[in-house]
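Peer 1: Residue numbers (my numbering), protein chains in the order written: chain P, 1 to 218; chain E, 1 to 218. In this text, a Cβ means the ideal position worked out from N, Cα and C, and glycines have one as well. Shown below is the structure under consideration.
Protein chains: 2
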Amino acid sequence: MTPSLTEENYLKAIYHLGKMSGEKVSVKSISNALNINPASVIDMLKRLTDKKLIHYDKSTGARLTDKGFKTAINIVRKHRLWEVFLQEKLGYNWDEVHDMAEQLEHIKSADLADRLDKYLGYPEYDPHGDPIPKANGQEPAHRRITLADAEPGKSYSVVGVKDTSPDFLQYVQRLQLGIGVKVKVVEKIGFDGSVVLQVSKGEKTTVSQKFSENIMVA
Amino acid sequence: MTPSLTEENYLKAIYHLGKMSGEKVSVKSISNALNINPASVIDMLKRLTDKKLIHYDKSTGARLTDKGFKTAINIVRKHRLWEVFLQEKLGYNWDEVHDMAEQLEHIKSADLADRLDKYLGYPEYDPHGDPIPKANGQEPAHRRITLADAEPGKSYSVVGVKDTSPDFLQYVQRLQLGIGVKVKVVEKIGFDGSVVLQVSKGEKTTVSQKFSENIMVA
DNA sequence: ATAAGTAATTAGGTGACCCTAATTATTAGA
DNA sequence: TCTAATAATTAGGGTCACCTAATTACTTAT
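Listed below in structure tokens is the structure:
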């Protein structure tokens, strides 16, 4: 049976949580990510287990099976392709595409993603700088660090963000930190981890550690 | 409250049924159109009535309220715009776009349809020859008759189809009856209503009355 | 006018997904 | 180590959107 929209969202969440922190994907973390009550999450984990899309064990958390992984990576692929479409073809901004892509990623069709991929010229990254998985499920390698881990004195290119909340994305835009924008790390303040930046030959700005941890650079 | 996906599908069905036959939209007709049990249809008609999206009365059938009409026409608009996109931009065939558009029409966004419309160059008709409602809800007028009502001896242009089942659409393609294709009505058989056609200077073919009732020409 | 068919409706379920409240495990701090 | 906090789970519901079976209301043909 093809997974329901809701099941797809759980699989995607488990995929993201599993890769972002090597740690176990707990009921709590899923509950937080999807804003769903822990009791309901347990419900769903049972169903996903029955459908052999995940393995679940209290102590090790949830892990995607092969089948579950294929489903999840496919959704991620579609999400990111649609994001590229919305930005490149329809002219949306960086911070406007997420919600629509969240819906578009669930469109079912044998080859829509592949056609879209071709139409867009086989893009490697989405507007947030995240790599777009290939049709075969392979995710292009990408070596990225956050601004928090960047070396003072060096220059980097912005390749993406971690946080995707409107608040954050709007602040990012105000700082002119688009994809591909050059950023020089002037200094790191030891006291609180703040980072002093120079954005594309402009003035110096200081951002918090929390902020810097959410900007991906390469 | 914004209507659920299911509610949207009911509204769309009521819209189509209401316009195709000036007759009343009965429980039975909705049940047939959506392949849903009459009892369930009643359920839903109650809910749609509560939400003031339709008026329902056994003797007059279901009718869309202003609010319901706006919702329905918007879905139709999105459906047809997406069909154009799938054919024009992604290279799908006439008979492949329906199922995907059926899903895409439910994507929620303040201005996605308008951006798509602009991107596609404000098309007037979708690949089936059906008119695309404008953003303000106005449907471009179009004078079309079915092949069954066409006059023997005259030539017409195919502008669309009524049926959208794969079986039908594939047969249409086999007969080379694309949008804009010229068709000469050679003769009508009185006995069973069959129609003898000549498709774009090709050979003569005979089609059933049932078939001819589903081909729109102008 | 009445019987037979068809349409509409009611009653009583079901499964998917969600919730709250209560309970049991687990983990961490004094 | 024992207690307090946190996480996981169970029990019991709720809503949406569907179903079957039974009943009631129309229509139509004789």
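I need the DSSP call for proline 152 of chain E, collapsed to helix, strand or coil.
Peer 2: Secondary structure of proline 152 of chain E (DSSP, three-state): coil.
Peer 1: Taking 8 Å as the CB-CB cut-off, is isoleucine 107 of chain E touching chain P?
Peer 2: Yes, contact with chain P.
Peer 1: Looking at the unbroken beta strand (DSSP E) that takes in histidine 55 of chain E, where does it start and where does it end?
Peer 2: 54-57
Peer 1: By Cβ distance, which residues of its chain are closer than 8 Å to asparagine 93 of chain E, with the 5 residues on each side in sequence left out?
Peer 2: The residues are Gln87, Gln173.
Peer 1: Using C-beta distances below 8 Å, list every residue in its chain close to proline 3 of chain P, excluding the 5 sequence neighbours before and after it, in chain order.
Peer 2: For proline 3 of chain P, the CB contacts under 8 Å within the same chain, skipping 5 residues up- and downstream, are Leu11, Lys51, Leu53, Thr71 in chain order.
Peer 1: Find the nearest neighbour of leucine 112 of chain P within the set E:Glu203, E:Gly121, E:Met100, E:Tyr125, judged by alpha-carbon distance.
Peer 2: E:Met100
Peer 1: I'd like the ranges of any beta strand (DSSP E) spanning at least 3 consecutive residues and lying wholly in the stretch 129-204 of chain P.
Peer 2: Taken in chain order, the complete beta strand (DSSP E) segments of 3 residues or longer contained in the stretch 129-204 of chain P are 155-161, 182-188, 195-199.
Peer 1: Among all the DSSP beta bridges, which residues are the ones paired with glycine 61 of chain E?
Peer 2: DSSP lists E:Asp57 as partners of glycine 61 of chain E.
Peer 1: At what residues does the beta strand (DSSP E) containing isoleucine 215 of chain P begin and finish?
Peer 2: 215-217
Peer 1: Does the stretch 149-160 of chain P come into contact with the stretch 177-186 of chain P, if we say contact requires no fewer than three beta-carbon pairs (one atom in each stretch) closer than 8 Å?
Peer 2: yes
Peer 1: Would you say glutamine 87 of chain E faces chain P, with C-beta separation under 8 Å as the test?
Peer 2: no
Peer 1: Tell me whether glycine 61 of chain P is buried or exposed, calling it buried when 16 or more other Cβ atoms sit within 10 Å of its Cβ.
Peer 2: By the neighbour-count rule (16 or more Cβ atoms within 10 Å), glycine 61 of chain P is buried.
Peer 1: Taking only three categories from DSSP, how would you classify threonine 206 of chain E?
Peer 2: strand
Peer 1: Between the stretch 67-86 of chain P and the stretch 126-141 of chain P, do at least 3 Cβ pairs fall closer than 8 Å?
Peer 2: Contact between the stretch 67-86 of chain P and the stretch 126-141 of chain P is present, because at least three Cβ pairs lie under 8 Å.
Peer 1: Count the other CB atoms, across all protein chains shown, that sit within 10 Å of the CB of glycine 68 of chain E; report buried if there are 16 or more and exposed otherwise.
Peer 2: buried
Peer 1: What is the C-beta distance between histidine 106 of chain E and glutamate 8 of chain E, in whole angstroms, given that I count them as a contact (C-beta under 8 Å)?
Peer 2: 6 Å
Peer 1: Any C-beta of chain P sitting closer than 8 Å to the C-beta of leucine 112 of chain E?
Peer 2: Yes - at least one Cβ of chain P is within 8 Å of the one on leucine 112 of chain E.
Peer 1: Would you call aspartate 136 of chain P buried or exposed, if buried means 16 or more other Cβ atoms sit within 10 Å of its Cβ?
Peer 2: In the sequence as displayed, the identity of residue 136 of chain P is asparagine instead of aspartate. It is exposed - the Cβ of asparagine 136 of chain P has fewer than 16 other Cβ atoms within 10 Å.
Peer 1: Under three-state DSSP, which class holds tyrosine 122 of chain E?
Peer 2: coil
Peer 1: Less than 8 Å between the C-beta atoms of valine 196 of chain P and leucine 147 of chain P, yes or no?
Peer 2: no
Peer 1: Please confirm whether glutamine 103 of chain P has its beta-carbon closer than 8 Å to some beta-carbon of chain E.
Peer 2: Yes, glutamine 103 of chain P counts as interfacial toward chain E.
Peer 1: Measure the alpha-carbon distance for methionine 20 of chain P versus isoleucine 215 of chain E and round it to whole angstroms.
Peer 2: 54 Å
Peer 1: Since methionine 100 of chain P meets chain E, which of its residues come closer than 7 Å, beta carbon to beta carbon?
Peer 2: Ile107, Ser109, Leu112
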